[in-house]
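Count along the sequence shown from 1, add 1305, and you get the number used in the working numbering. Have a look at the structure below, then the notes.
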Amino acid sequence: MNSLFAITNKVLDKQSLNLKLNDWRQKKQTIVFTNGVFDLLHLGHIDYLGKAKDSGDILIVGVNSDASAKLLGKGSNRPITDEKSRLIIIAALEFVDAVILFDEDTPLELIKIVHPDVLVKGSDYKPEDIVGYDVVTAKGGTIKTIEFLPGYSTTDIESRIKKC
């Protein structure tokens, strides 16, 4: 199988995601969901996503579209990497099972579709403040926060590049 095809095959739309979700649920696999911009992939992202995957069998990653990423207030130059590239880069990670783009301010609608068993975000959030907390816990799911790897953030990398 062509490597790029195998990677892009993990980039799903909502219809394809629903088919995969049905299959995974029939197999009683634990579904983990997280989301982010994932601009300029770095060791902190790898660490975070790897730990998210350790929380279950299937890791689904919601990636902010370019438009929704701009709404997050990270600066007018962000995202640096376009959404198609970010989707494929995240899909290329062995421990990521599916990637889906979302265009809304938050991944709430996507979380309602996925209904993950485990919802993961960074520890800079209190669990009860995480978007989707009520949706996930109402169905018996859990919320997990993960400590960020110190010294790694896209904002820090961008800042260091600007100083060059």
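Ideal placement from N, C-alpha and C gives every residue a C-beta, glycine not left out. Quick caveat: nothing in here was measured; it's all calculated off a predicted structure.
- The continuous alpha helix (DSSP H) containing residue 1358 extends over residues 1348-1358.
- In this model, residue 1358 and residue 1451 are separated by some 11 Å (Cα to Cα).
- Comparing alpha carbon positions, the residue from 1328, 1380, 1308, 1388 closest to residue 1346 is 1388.
- At a cut-off of 4 residues, the continuous stretches assigned as alpha helix (DSSP H) that sit fully inside the stretch 1360-1403 are 1371-1375, 1388-1396.
- The three-state secondary structure of residue 1345, taken from DSSP, is coil.
- Cβ-Cβ separation between residue 1436 and residue 1421: approximately 12 Å, too far for a contact (criterion under 8 Å).
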